[in-house]
Amino acid sequence: MQDYAKVSVHGGHSGTYCNHARDHLADVVQRYIDLGFEWVCLTEHMPPANAAMIMPEEAAAGYDTAGLHQRFARYFDEARALASAHKNSIELLVGFETEAYTGFEQEVESLIATFEPDMIVGSVHHVADILFDAGPAAYQAARDACGSIENMYCEYFDRQLALINRFEPAVVGHFDLIRIYDPDYPSRWQVPAIKERALRNLDRIKSLGLILDLNARALAKGAAEPYIASPWLSYAIKQEIAIVTGDDSHGIDNVGNHLDETVAALLRAGGHTRWTKPAYFRHCR
Ligand SMILES: [Zn+2]
Ligand SMILES: [Zn+2]
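If you count by the numbering used here, then the sequence shown holds residues 22 to 306, one letter each, in order.
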């Protein structure tokens, strides 16, 4: 294994600001420092655009839309303070991770205007406005709502393109998350309508100069390869798209997990570890 600089374009979810993560943000940041990370993007999930999009675990904890917006504002304050306090040990870029459900545009635009993030991660976790990565049952419901598994993949990549075109996020999060509960996903890549969309999106990412999040969390959840899967990873490498590790940590004990395996997969596919750091305010041009 060759030496590489530890970085994360997508990380730092914490129990302080997210009910499906654990631990205090300050302790998560300290863990990045202890592990020797050079720079990390803190990318907490955006608050819901409306009451229907409140995450189940946050609804269960008694949060409403206003409460989640207030918590998100506290996240920005603390993340900025941590970035400043630790600036001699680690570079922290303070941003957030988007959604791409109906009505996301107005919400993301308003968050960007209010908080002026250093960068954002553009992610899609919904198709047909159903949170498909919440578990196998949710995945099945999303698939049913789309009519077929093929339609579900197509809808995912269409949403992703809309997000990319609208906000040009510095980082595109877990490019092929849509495969999460589909054991037959390699066969989907052969479906022309799906393949065309994936390649189309990669070409757009290349033309805009965005960074692909090489997301190690897939391995934590039992997948055999990180997001992005091997055919798209190979294509992205050939097209010289910037590809950078993201640990997508959701607590102290998964900071930096599976980074070696993820980097090994990148190197095997012909990639390199001369990481591109997201340009500040890349999305605000
Ligand atoms: Zn999360
Ligand atoms: Zn995500």
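From the three backbone atoms N, C-alpha and C, an ideal C-beta is built for every residue, glycine too.
Residue i Cβ short of 7 Å to ligand 2 heavy atom set
i	result
residue 118	yes
residue 195	yes
residue 146	yes
Sub-8 Å separation of residue i and residue j beta-carbons
i	j	result
residue 78	residue 89	no
residue 58	residue 27	yes
residue 120	residue 187	no
residue 233	residue 193	yes
residue 32	residue 267	yes
residue 47	residue 34	no
residue 226	residue 185	yes
residue 183	residue 163	no
Start and end residues, alpha helix (DSSP H) containing residue i
i	result
residue 54	46-55
residue 90	86-106
residue 284	280-289
residue 276	Counting along the chain, residue 276 falls outside any alpha helix (DSSP H), and DSSP gives it neither H nor E.
residue 110	Run containing residue 110: none; DSSP gives neither H nor E here.
residue 77	77-81
residue 136	125-136
Residue i beta carbon near ligand 1 (any heavy atom closer than 7 Å)
i	result
residue 19	This structure gives no information on residue 19, because the portion of the chain shown stretches from 22 to 306.
residue 41	yes
residue 271	yes
residue 279	no
residue 34	yes
residue 31	no
residue 66	yes
Span of the beta strand (DSSP E), counted from its first residue to its last, around residue i
i	result
residue 265	263-267
Per DSSP, cross-strand counterpart(s) of residue i
i	result
residue 115	63
residue 248	236
residue 228	Note: residue 228 sits in no beta bridge, so no partner.
residue 32	63
Start-end ranges of the beta strand (DSSP E) lying completely within the segment 139-225, minimum 3 residues: 140-143
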